[in-house]
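**Q** Right, I'll just put the structure down here and ask away after.
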Amino acid sequence: MTTEIDRRPDDLTALHGAVGLIDLSFRGRLELIGADRLRFLNGQVTCEVKSLAAGSGTYGFFTTGQGKVMADFGLLAFEDRLWLDLPAGLDDEIAAHLAKYLIADRVEVKRLDGVVPLALVGPGLSAVLPDLSSLPEGEWGHGKVEIGGVEVELSRHPHFGAPGAVAWVAAESAGRLTEALSERGARPVSFEAVEILRVEAGLPRFGVDFGPENFPQETGQEEAAVSYTKGCYLGQEVVARIHYRGGVQRSMRGLRFEGEIPERGAPLSFEGREAGTVGSTVKSPRFGGIGLAVIHKRGAAAGTRLTLPDGALAEVVDLPFS
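In this note's numbering, the protein residues as written are 3 to 324.
Written as structure tokens, this is what we have:
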């Protein structure tokens, strides 16, 4: 790790009452440069990229030719480059995937190792980061600001389950930035604490709640991540056919556990038939033991009780939890 942020399990005081600081340097990061970067990437992902202006961004999926999700990502657009924020460990895989389709395109794909993302999450965000008001509009709006004498690329981030932003900083300056943010009132918290907010908000995580076996429509993020007007991309025909011809059999749902919190991957059944498997699980101070899962429509209605292997029950609820 490049910073000294404390990653101990923590309560949610800092997040529900102020601002938590989390090191996200474990996530994958890629940079695309070259004159054809927007057009090229637009043909590989589910979201609209070609029209993005500098200072804007978006969220989307890489999909296979069969329309299944390879990875989700956040994207920041600059005047001369694109930054991709990816699930941990997938930067090399996605770089290799993109390389297969680079023919005569003027695009270079490389790892973004020299830049570290530090996330800030919590209702007091605007007090710690008054600079947010100067950023371009939009959920992924971003721009250069100075924090405690350190220049960063500050971006809004809508997927934490609470007001959030990411400060992208040169690796060698990450320690100084951490100190400056702490002086402004940000408190280091664990990744586990932020996970509670994410699950409460019903926001799934790739590799935990959905993965390569899922279509975009099964993730609960179709509206945010998929454009049906942008034109062709890898897997587009399948994704569009599902959308226009009746949808999918499974959907992302919330679970409220009536007994002990089960392990991730535990099978769920309804009336003796397989209904899904448990994804994220957390112990929420507000809602108790809760989780996320992709559930077959036979058992997906709110109020349905699904059975775990030990006989315990999990109630299906609408997302977000309330």
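All residues carry an ideal CB built from backbone N, CA and C; glycine is no exception.
(1) Could you check whether Ile24 and Val123 sit closer than 8 Å to each other, using their CB atoms as the reference points?
(2) Can you give me the Cβ contacts of Val374 inside the same chain, cut-off strictly under 6 Å, excluding the 5 residues immediately before and after it?
(3) Considering only the alpha carbon of each residue, which of Leu114, Ile105 and Leu179 lies closest to Glu148?
(4) Taking just the CA atoms, how far does Leu134 sit from Arg158?
(5) Return the CA-CA distance between Val318 and Ala188, expressed in angstroms with no decimal places.
(6) Once you ignore the five residues that flank Gly267 on each side, which residues in its own chain have a CB closer than 7 Å to its CB?
(7) Which residue's Cα is closest to the Cα of Gly301: Asp320, Ile292, Gly290 and Val284?
(8) My output table needs one value for Thr4: the three-state DSSP class, helix, strand or coil.
(9) What separation, rounded to the nearest whole angstrom, lies between the Cα atoms of Ser271 and Ala20?
(10) Express the C-alpha separation of Arg275 and Leu257 in angstroms, rounding to a whole number.
(11) Would you call the stretch 125-145 and the stretch 194-209 in contact, with 3 or more CB pairs under 8 Å?
(12) Could you tell me the alpha carbon to alpha carbon distance between Arg39 and Thr48, rounded to whole angstroms?
(13) Would you report the Cα separation of Glu262 and Glu273, rounded to the nearest angstrom?
(14) Identify the continuous beta strand (DSSP E) that holds Ile149 and give its terminal residues.
(15) Suppose contacts are defined by Cβ-Cβ distances below 8 Å. Is Gly22 in contact with Val191 by that definition?
(16) What's the gap between the Cα of Glu81 and the Cα of Tyr246?
**A** Taking the definition as stated:
(1) yes
(2) With the chain covering only 3 through 324, there is no way to say anything about residue 374.
(3) Checked all of Leu114, Ile105 and Leu179; the closest Cα to Glu148 is Leu179.
(4) 8 Å
(5) 35 Å
(6) In the same chain as Gly267, and ignoring 5 residues on each side of it, the C-beta atoms closer than 7 Å to its own belong to Thr279 and Val280, in chain order.
(7) Asp320
(8) Here Thr4 scores only 36 on pLDDT, less than 50, and its place in the model is too uncertain to base an answer on.
(9) 40 Å
(10) 17 Å
(11) No: the two stretches stay apart, fewer than three of their Cβ pairs being nearer than 8 Å.
(12) 15 Å
(13) 21 Å
(14) Segment His144 to Ile149, the beta strand (DSSP E) holding Ile149.
(15) yes
(16) For Glu81 and Tyr246, the distance between alpha carbons rounds to 36 Å.
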